[in-house]
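Colleague:
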């Protein structure tokens with residue numbers, strides 16, 4: 008059977024071909040190579056369903072079997088991956104770091120989309136160990152969108168809190184030092200009405216306490232007393248304090264509104280996460296609540312991709328990598344290629360689990376007793392917990408401090 012190439016010439020249909028796709032938001036570039044590394048097809052493809060389907064048909068006509076690879080596994084390639092899956096095709100993910108290093112093995116120093124796609128195709132032609140990208144199920148897609156939205160809201164909140172503290176320290180530094188505005192809702196409510204020392208002194212403790220209590224502030228008398236002590240420490244009016252007071256009020260209102268939005272998003276994440284068939288198993292591990300559990304589901308993806316606990320720990324960057332040379336052996340270092348989100352999930356859950364008594368805290372204290380620093384002990388605990396969680400998911404059982412009974416084969 009004959010098929011067309013990029014140059015318009017005719018060639019025989021190959022038994023196997025490799026397609027590398029340099030993905031982008033507006034368009035992709037796909038390059039197809041044969042077993043000898045010769046380019047069979049190379050074109051720009053708009054990130055549009057019709058254009059992708061047309062290119063897909065042309066590429067599938069080139070060979071009996073086509074192996075696919077992309078360098079982006081995020082939203083830019085979502086439509087592309089969904090269309091490939093709908094036509095029974097699977098794509099693997101080639102990290103950008105790998106593509107960058109492989110590019111040095113080929114002639115030329117230019118960087119173009121066509122060259123990038125060719126390098127990706129050549130990479131998967133030589134290597135067979137890249138992870139397969141699977142289109143997430145509805146639950147995974149919903150959680151991924153919600154977790155990304157939550158991260159944006161948290162980043163906005165941190166930025167606003169920092170800006171609020173910066174403005175407040177310029178006109179009322181004593182009040183800025185008096186509260187932790189990132190964790191004290193009552194202090195934020197106070198700032199919606201009072202930001203200047205003279206106004207707080209004029210209001211007085213009794214009326215300020217009543218004002219705060221009417222707005223649902225806990226320990227209103229303590230908050231009022233702290234604010235009044237800060238006001239008594241500053242009698243000098245600073246330039247721009249009235250404009251600064253307006254900015255602080257606006258920022259405090261926005262932070263409180265963001266807190267309400269975060270509560271709604273967290274509630275929605277928890278409801279969707281608990282529809283996962285193994286949500287109870289994940290949450291049973293100490294330190295894994297619905298938010299970190301949802302983060303784990305999104306970051307880990309299809310759990311069938313991990314053959315054992317070591318693969319899961321390696322994907323999270325919790326397994327050291329050897330760096331030996333000559334007579335130097337046993338030199339281990341932190342890996343560079345791993346999922347940052349997965350590592351963060353295990354690290355935060357490990358930190359949370361050591362707060363209360365239990366096996367996680369006992370293991371942490373054991374590592375500290377062996378001379379490990381806090382971070383080292385937490386990473387060691389995270390590695391241990393990755394093995395425990397993998398075993399729980401494999402056996403589909405709830406975590407228990409009592410080890411399971413081993414049955415005789």
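Numbering (this note's numbering), first residue to last: 8 to 416.
Just so it is clear, CB atoms sit at the ideal spot from N, CA and C, and this is done for glycine as well.
Which class does residue 343 belong to by DSSP, given the choice of helix, strand or coil?
Modeller: Residue state, collapsed to three classes: coil.
Colleague: My parser needs the alpha helix (DSSP H) runs of 4 or more residues fully inside the stretch 254 to 313; what are they?
Modeller: The qualifying runs are 286 to 291 and 297 to 307.
Colleague: Taking C-beta to C-beta, are residue 171 and residue 269 nearer than 7 Å?
Modeller: Contact: no.
Colleague: What are the boundary residues of the beta strand (DSSP E) that includes residue 22?
Modeller: That run of the beta strand (DSSP E) goes 21 to 29.
Colleague: Compare the Cα-Cα distances from residue 385 to each of 377, 398, 393 and 371 and report the closest residue.
Modeller: Measuring from the Cα of residue 385, the nearest candidate turns out to be 371.
Colleague: Tell me whether the beta-carbon of residue 299 lies closer than 7 Å to the beta-carbon of residue 160.
Modeller: Result no, Cβ atoms of residue 299 and residue 160 do not sit closer than 7 Å.
Colleague: For a test of the three-state rule: what should DSSP assign to residue 201, helix, strand or coil?
Modeller: It is coil, neither helix nor strand.
Colleague: Identify whether residue 70 lies in helix, strand or coil by the three-state DSSP scheme.
Modeller: Residue state, collapsed to three classes: strand.
Colleague: Whole angstroms are fine: how far does the CA of residue 328 sit from the CA of residue 341?
Modeller: About 6 Å.
Colleague: Would you list the one or two residues that DSSP bridges to residue 46?
Modeller: Residue 46 is bridged to 40.
Colleague: On a CA-only basis, which of 86, 197, 148 and 105 is nearest residue 137? Give me that one, please.
Modeller: Considering only alpha carbons, the answer is 105.
Colleague: Assign residue 204 to one of two classes, buried (16 or more other C-beta atoms within 10 Å of its C-beta) or exposed (fewer than that).
Modeller: The residue in question, residue 204, is buried, as its Cβ has 16 or more Cβ neighbours within 10 Å.
Colleague: Check each candidate in 124, 111 and 72 and name the one with the smallest Cα separation from residue 48.
Modeller: The shortest C-alpha separation from residue 48 is found at 124.
Colleague: Any contact between the stretch 272 to 289 and the stretch 167 to 184? By contact I mean 3 or more CB pairs, one from each, below 8 Å.
Modeller: The answer is no - the stretch 167 to 184 does not touch the stretch 272 to 289, with fewer than three Cβ pairs under 8 Å.
Colleague: Which of the three DSSP states, helix, strand or coil, is assigned to residue 181?
Modeller: Here residue 181 sits in helix by DSSP.
Colleague: For residue 400, count the other beta carbons within 10 Å of its own beta carbon; 16 or more makes it buried, fewer makes it exposed. Which is it?
Modeller: Classification for residue 400: buried.
Colleague: Keeping to the same chain, check which residues put their C-beta closer than 6 Å to that of residue 22; ignore five residues upstream and five downstream.
Modeller: Excluding residues within five positions, the ones whose Cβ falls inside 6 Å are 71.
Colleague: Just to confirm the assignment, what range does the alpha helix (DSSP H) spanning residue 371 have?
Modeller: Taken as a continuous stretch (DSSP letters only), the alpha helix (DSSP H) holding residue 371 covers 366 to 376.
Colleague: Going by CA-CA distance only, name the one from 366, 207, 91 and 325 that's closest to residue 346.
Modeller: For the residues 366, 207, 91 and 325, the minimum Cα distance to residue 346 belongs to 325.
Colleague: For residue 52, write down the residues that DSSP places opposite it in a beta bridge.
Modeller: Its beta-bridge partners are 35.
Colleague: Can the beta-carbon of residue 357 be found closer than 7 Å to that of residue 398?
Modeller: No, the Cβ-Cβ distance between residue 357 and residue 398 is not below 7 Å.
Colleague: In the DSSP assignment, the beta strand (DSSP E) including residue 434 goes from what residue to what residue?
Modeller: Any property of residue 434 remains undetermined from this structure, which presents the chain solely from 8 to 416.
Colleague: State buried or exposed for residue 247, treating a residue as buried only when at least 16 other CB atoms are found within 10 Å of its CB.
Modeller: So residue 247 ends up on the exposed side.
Colleague: Can you give the Cα-Cα distance for residue 13 and residue 62, rounded to whole angstroms?
Modeller: Low local confidence applies: a pLDDT of 46 at residue 13 is under 50, so the model's placement there is unreliable, and no value is given.
Colleague: DSSP on residue 217, reduced to helix/strand/coil?
Modeller: Helix.
Colleague: Specify, as a first and last residue, the run of the alpha helix (DSSP H) that residue 129 falls within.
Modeller: That run of the alpha helix (DSSP H) goes 120 to 133.
Colleague: Just how far apart, CA to CA, sit residue 406 and residue 292?
Modeller: Rounded to whole angstroms, residue 406 to residue 292 spans 6 Å at the Cα level.
Colleague: Just verifying my parser: in three-state terms, what is the DSSP assignment at residue 158?
Modeller: Three-state result, residue 158: helix.
Colleague: Return helix, strand or coil for residue 326, following the three-state DSSP convention.
Modeller: Note: residue 326 maps to coil in three-state DSSP.
Colleague: Going by C-alpha distance, which of 188, 211 and 236 is nearest residue 167?
Modeller: When each option's Cα is compared against that of residue 167, the closest is 188.
Colleague: Can you tell me which of the three DSSP states residue 244 falls into?
Modeller: Here residue 244 sits in coil by DSSP.
Colleague: Tell me the DSSP bridge mates of residue 76?
Modeller: Residue 76 is bridged to 27 and 99.
Colleague: Here's the rule I'm using: 16 or more other beta-carbon atoms within 10 Å means buried, otherwise exposed. How should residue 313 be labelled?
Modeller: With 16 or more other Cβ atoms within 10 Å, it is buried.
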